[in-house]
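Data block below; observations after.
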Amino acid sequence: MRQFSKRFTQQEALSKDAINAAVEVMNHGRLHRYNVHNEEVAEAAKLEEEFAQLMGSKYCLAVASGGYAIACALRAIGVRTNEKILSNAFTLAPVPGAIVSVGAQPVLVESNRHLTIDFNDLESKAKQSGAQKLVLSHMRGHICDMDKLSAICKQLKLILIEDCAHTMGAYWNGTPSGKFGLVSCFSTQTYKHINSGEGGLLVSDCSETMAKAIILSGSYMLYNRHQSRPSLENFEAVRLHYPNCSGRMDNLRAAILRPQLVDLPKQCRKWNRRYYAIANKLKNSPVIEVIERSPKESFVGSSIQFFVLSDNPQFVSKFLDLSHKRGVELKWFGDKQPKGYTSRFDSWQYIVNHECPNTINILDHLFDMRIPLTFTEDDCKLIGEIIVESANTCQ
Ligand SMILES: *Cc1c(COP(=O)(O)O)cnc(C)c1O
């Protein structure tokens, strides 16, 4: 039986351009974003300008992490202590973490078989809880019908924050993911679409909100050194009224991200070729069902999710074990114990746990796998075959 031997946690090396840019920053030593000579524009400020341009957004702010970006967005839109914030139940732990970090309470909304938010449950939970804000997490890159969602937000007067950790470079019906929210948040952590180890980006078209976010990120009254910012009058009303919740990005990380932004579309195409190499193989199993996507969704296949429908109660452990023995590291979202990056919402015991029985039922059958770009398309075909053979053997 053929064996797969590459590592699922190994990303590509940084490009020569990124390495050279990092060396340049290290040579001059001005790593702090506000440490600039005369008219110099810091790498962090340049990254913000370039990401705003790529997104077609008015403003961008670079921060310390994706989770920090969400917390900063929530503070900037004026979330109060104990305020209820809606979020889809199928998401990653930094999302409830960001909500709790600002003293607010997550209200979890059911996710559906497309791994996106359930609109009926959103309406009823919004009405029940009186919540006025929604952090919509495009978890693992699955994008809901954004036209419908925008209409629901409008009707219920919900302020939308998008969590685009897995949708940098993705689109809904031709509009970039991250163009629907009042603020949208991205991550540049190693397992996302551009890699600076840790890092986050916020974009918004709202001058007032972005001025607050820049102050909140810890700009020490040096906000005039930002390029992608609202005009200086916008800071007058807020500069002394918002705390410095220190969470800036440094020039070293910004320097290695800038060349990666240029390569983003090419990288997204590479991910999708690998995604389909696996997905096409998975069609060969009667028990595997790859998550169905809307034709309006231009996603980035940096990971793949599928259901395995088996009546055998021993199936999951056997299937995981068989795949693992052949070198394919699958994650199972049904596990009651959080393992690595797969945590189920009922393990977040620091929040009031809301009933989401449909989501639990979905997660019980849900498997997940990262697709690092160090895998070739042939690797991906082999991975697909191993998954199919493992599933067919133990059903
Ligand atoms: C990674 C991730 C985040 C947070 O990003 P960090 O940069 O690790 O803080 C938020 N939401 C989702 C869905 C993610 O996958």
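Be aware that the sequence shown starts at 402, since it is given in the numbering used here, and climbs by one per residue. Where a beta carbon is used, it is the ideal one built from N, C-alpha and C, also for glycine. In this text the structure is predicted, and so the values were computed from the model without any measurement.
Taking 8 angstroms as the cut-off, is the C-beta of L493 nearer than that to any heavy atom in ligand 1? Against the sequence shown, residue 493 aligns to sequence position 92. L493: yes, Cβ under 8 angstroms from ligand 1.
Alpha carbon of K697 to alpha carbon of N436, nearest angstrom: Counting from 1 along the sequence shown, the entry for residue 697 is found at position 296. Counting from 1 along the sequence shown, the entry for residue 436 is found at position 35. Their Cα atoms are separated by approximately 44 angstroms.
Extent of the continuous beta strand (DSSP E) run through K526: On the sequence shown, residue 526 is found 125 positions in, with the first residue counted as 1. Element bounds for K526: not the beta strand (DSSP E) but the alpha helix (DSSP H), F520 to S530.
For L462, which residues does DSSP report across the bridge? Position 61 of the sequence shown, counted from the first residue, corresponds to residue 462. Looking at the DSSP assignment, L462 forms a beta bridge with L603.
Based on DSSP bridge pairs, tell me the residues matched to N489. Start at 1 with the first residue of the sequence shown, and residue 489 comes out as number 88. According to DSSP, which records beta bridges pairwise, N489 is partnered with V510.
In the DSSP assignment, what residue or residues form a beta bridge with L359? Absent from the structure is residue 359, since the part of the chain shown begins at 402 and ends at 796.
Would you check if the distance between the CB atom of M611 and the CB atom of L448 is smaller than 9 angstroms? The residue you call residue 611 lines up with position 210 of the sequence shown. The residue you call residue 448 lines up with position 47 of the sequence shown. No; because the gap between Cβ atoms is not below 9 angstroms, this pair is not in contact.
Cβ of I560 within 9 angstroms of Cβ of L523? Here the question's residue 560 lines up with position 159 in the sequence shown. Here the question's residue 523 lines up with position 122 in the sequence shown. Cβ atoms of I560 and L523: not closer than 9 angstroms.
Can you look up V691 in the DSSP assignment and give me helix, strand or coil? Position 290 of the sequence shown, counted from the first residue, corresponds to residue 691. In the structure shown, V691 sits in a strand (DSSP, three-state: E or B).
Report back the beta-carbon spacing between E444 and A656 to the nearest angstrom; my notes put them in contact at under 8 angstroms. For the purposes of this step, residue 444 is identified with residue 43 of the sequence shown, where counting begins at 1. For the purposes of this step, residue 656 is identified with residue 255 of the sequence shown, where counting begins at 1. Yes, E444 and A656 are in contact; Cβ-Cβ is about 4 angstroms, under 8 angstroms.
Which of helix, strand or coil DSSP assigns to M547: Taking the first residue of the sequence shown as position 1, residue 547 is located at position 146. Looking at M547 - three-state DSSP - the assignment turns out to be helix.
Whole-angstrom distance between E440 and R659, CA atom to CA atom: Within the sequence shown, the letter at position 258 stands for residue 659. Within the sequence shown, the letter at position 39 stands for residue 440. The alpha-carbon atoms of R659 and E440 are separated by roughly 20 angstroms.
Option in R403, H766, V729 and M622 with minimal Cα separation from K737: Start at 1 with the first residue of the sequence shown, and residue 737 comes out as number 336. Minimum Cα distance to K737 is reached at H766.
Assuming N772 and Y676 form a contact by the criterion Cβ under 8 angstroms, report the distance between their Cβ atoms to the nearest whole angstrom. Along the sequence shown, one-based indexing puts residue 772 at 371. Along the sequence shown, one-based indexing puts residue 676 at 275. Correcting the residue type first, residue 772 is Ile in the shown sequence and not Asn. 6 angstroms between Cβ atoms; contact.
For the putative contact between S711 and V688, defined by C-beta atoms under 8 angstroms, what is the C-beta separation to the nearest angstrom? Counted from its first residue, the sequence shown places residue 711 at position 310. Counted from its first residue, the sequence shown places residue 688 at position 287. Correct: roughly 5 angstroms between the Cβ atoms.
Should T589 be labelled buried (16 or more other beta-carbon atoms within 10 Å of its own) or exposed? Here residue 589 corresponds to residue number 188 of the sequence shown, with the count starting at 1. Buried.
Euclidean distance between Cα positions of R481 and Q556: On the sequence shown, position 80 is the one that residue 481 refers to. On the sequence shown, position 155 is the one that residue 556 refers to. So the two alpha carbons sit approximately 22 angstroms from each other.
Using 9 angstroms as the threshold, is the C-beta distance between M540 and D564 below it? If you number the sequence shown from 1, residue 540 lands on position 139. If you number the sequence shown from 1, residue 564 lands on position 163. It is a contact, given that the beta carbons lie within the stated cut-off.
Residues bridged to Q628 [DSSP beta-bridge criterion]: By one-based count along the sequence shown, residue 628 stands at place 227. Partner(s): none; Q628 has no beta bridge.
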